[in-house]
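Protein chains in written order, with our numbering: chain A, 34 to 191; chain B, 34 to 191; chain C, 34 to 191; chain D, 34 to 191. What follows is a single structure, written as structure tokens, with notes after it.
Number of protein chains: 4
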Amino acid sequence: MARILVTYYSRTGNTEEMAKHVAEGVEAAGVECEVKPVTDVEPGSLIGYDGFVIGSPVYYGMPAAEIFSLFDESVILHGRLAGRAIGAFSSSGNVGGGNETTCMAILQMGLVHGMVAVGTAQGDHYGPVSVKSPDDRARTQCVAQGKRVAELVLKIRG
Amino acid sequence: MARILVTYYSRTGNTEEMAKHVAEGVEAAGVECEVKPVTDVEPGSLIGYDGFVIGSPVYYGMPAAEIFSLFDESVILHGRLAGRAIGAFSSSGNVGGGNETTCMAILQMGLVHGMVAVGTAQGDHYGPVSVKSPDDRARTQCVAQGKRVAELVLKIRG
Amino acid sequence: MARILVTYYSRTGNTEEMAKHVAEGVEAAGVECEVKPVTDVEPGSLIGYDGFVIGSPVYYGMPAAEIFSLFDESVILHGRLAGRAIGAFSSSGNVGGGNETTCMAILQMGLVHGMVAVGTAQGDHYGPVSVKSPDDRARTQCVAQGKRVAELVLKIRG
Amino acid sequence: MARILVTYYSRTGNTEEMAKHVAEGVEAAGVECEVKPVTDVEPGSLIGYDGFVIGSPVYYGMPAAEIFSLFDESVILHGRLAGRAIGAFSSSGNVGGGNETTCMAILQMGLVHGMVAVGTAQGDHYGPVSVKSPDDRARTQCVAQGKRVAELVLKIRG
């Protein structure tokens, strides 16, 4: 059965809340979903998932260092995650506050693993973004993102 | 006397309005400012400015092709614009709609000319962004951006 | 039958040559491929392809304005290209010459269309890059990129 | 007297070697330079420098997590580093290996601090990049980058 990992870094709880909505979307599409803080993810365990949706607050226009640590350590699986799906989401304090560049940084790291990155023509193109605590708009975007990554995973697995 | 060019592409008038507020900021800082649509800018005329603030609506996460045309043609001045200041601004229909990546594309093109790119710790980090028609927040960001680029130009000219 | 469009802008012939090698890879994977200059592509015709591989020389760290024009005009299909595959390639005169940012700009525009962007764990992560005229390394990367996008298209179509 | 911090992360010694060449350039321009590994930099000490040149190997198209940790912790100085200069450099194993996106990530973080980011019209536009161990080309780029950031710092300080 297809499995997706939704992982995140969160201090205020905003990004964690987004992660839960992404997970709702994944499960609504009929894909098994695990949700956990990035500091609880063993790099070697990534091999067990067909897709990843990764979220972070914006720190200096970029994901938190904890997100990068996971990617740095994931080098032990380099090449073996190719073809899996990756999506992103982020949370910041401001409209032009680095949300998009944070999502793009996550997608780029996925591309370097040979993953396929998911965007959307509707709403938040590079991944759901929340300005401060997630409102209805952000929640809807998160659920849609979860579905989108799950549907791609189902297609890729055939 | 120091001179800054504020140039933009605009169909709905939103980006044009942002340009006017940027120009207010430039002039408030005591720097001469010219404001014109990007299609009216002769590539060769760029040599006459100490700094540039360039704005565009977001088309597919990027500035309009008209902005790129100006840069493509500016190659006739390659190397001669080094050390001048560059700032960006953008207007889109949506929070995660590509505003930041549009500003960053403009700053990147400036960096390739050897320009110095201006960001801010307050507000819209890569350049003012407006979601739909500019509100008070966006206007304030634009004026501040004009001042910021003008003050850098004054420092660089010494 | 699955169809991929390989389109490019080229003045010196370097990017055009890369396009031909990408097309070889697409066809080797059993997918029909059309190769044409970007200025010959009707925006409305994009609806007829399952995937796109788009290449450009680097102008100021970005694709040529002609590439952006196609995307700007492709708005008539907005939302209807979602789920299709996108890959990129680029050609420049220098190692740190803007190749990667050019590929990323193309992938970003695809993401805004809701496409799925393809990277690779081996070689040129965001898409094949050539420094000056394509050498064996660049050619191999191009063929591999064609195969990769074609294989994704086949999976997505099921 | 003007002071620049050149800081880096390095495991193989390649990025460390680049740092030394950047420092040569800084000193040749008559600016005091301190060179240290990023893990030895106290976030609060950043207030003591007029400019920063930051280098990293490429891990998944991005700087090492250690670089991000310094930025994350530098939030204690948020707003107080505005107007200072920032430059970047990076080292990777491959031409399209993420060098440019690594430099751009560093410059973006500087922009969010309100710093001014330095590019160049000649050579490696976003910052010197080395493919494997630094060769003569990379060394020359590093020295030039050090000079460039130093000269900007001297202008900004007036």
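Idealized CB from N, CA, C, for every residue including glycine.
In this structure Glu184 (chain C) does not touch Ala52 (chain C) by the C-beta definition: roughly 19 Å separates them, more than the 8 Å allowed. In this structure, Pro96 (chain A) keeps its C-beta atom at 8 Å or more from the C-beta atom of Ser43 (chain A). Annotated as proximal: Leu144 (chain C) and Ala150 (chain C), with beta-carbon spacing under 8 Å. Bridge pairing for Arg36 (chain D): D:Glu65 [DSSP].
When the Cα atoms are used, Thr153 (chain B) and Ser107 (chain D) turn out to be separated by approximately 15 Å. Chain D places no beta carbon closer than 8 Å to that of Glu50 (chain C), leaving this residue out of the contacts. Under the 8 Å criterion on CB atoms, Gln155 (chain A) is classed as interfacial with respect to chain C.
Only those residues of the stretch 118 to 137 of chain B whose C-beta falls short of 8 Å from the nearest C-beta of chain A are listed: Asn127, Val128, Gly129, Gly130, Gly131, Asn132, Glu133, Thr134, Cys136, Met137. Rounded to whole angstroms, the gap between the alpha carbons of Gly84 (chain B) and Arg172 (chain B) is 20 Å. Per DSSP, the beta-bridge partners of Tyr92 (chain B) are B:Met95. According to the DSSP assignment, Gly143 (chain A) belongs to the alpha helix (DSSP H) that extends over 132 to 145. Rounded to the nearest whole angstrom, the CA to CA distance from Tyr93 (chain A) to Ser125 (chain C) is 30 Å.
Val149 (chain A) sits in a strand when the DSSP states are folded into three classes. Note on geometry: alpha-carbon atoms of Asp157 (chain A) and Arg170 (chain A) lie some 10 Å from one another.
Taking the Cα positions, Lys165 (chain D) is about 46 Å away from Glu67 (chain B). Straight-line measurement puts the Cα of Gln178 (chain C) at about 6 Å from the Cα of Val55 (chain C). For Phe122 (chain C), the beta-bridge partners assigned by DSSP are C:Gly88.
Annotation: Cβ neighbours of Asp105 (chain B) in chain C (cutoff 8 Å, chain order): Tyr92, Tyr93, Ala97, Ala98. Within 7 Å of the CB of Phe101 (chain A), the CB atoms of chain D belong to Met95, Ala98, Phe101, in sequence order along the chain. Per DSSP, reduced to three states, the secondary structure at Pro76 (chain A) is helical.
When CB distances to chain C are screened at a threshold of 9 Å, the residues of the stretch 164 to 190 of chain D falling below it are Val164, Arg170, Ala171, Gln174, in chain order. If you check the CB distance, Leu187 (chain C) and Val39 (chain C) do not come in under 8 Å. Judged by DSSP in its simplified three-state form, Ser163 (chain C) adopts strand. The closest CA to that of Ile80 (chain A), considering only A:Phe104, A:Gly58, A:Ile100, is found on A:Phe104. For Asp157 (chain B), no alpha helix (DSSP H) encloses it, and the DSSP letter there is neither H nor E. Where Leu110 (chain C) is concerned, there is no enclosing alpha helix (DSSP H), because DSSP gives it neither an H nor an E. Scanning D:Ile189, D:Arg36, D:Pro76 for the CA closest to the CA of Gly58 (chain D) turns up D:Arg36.
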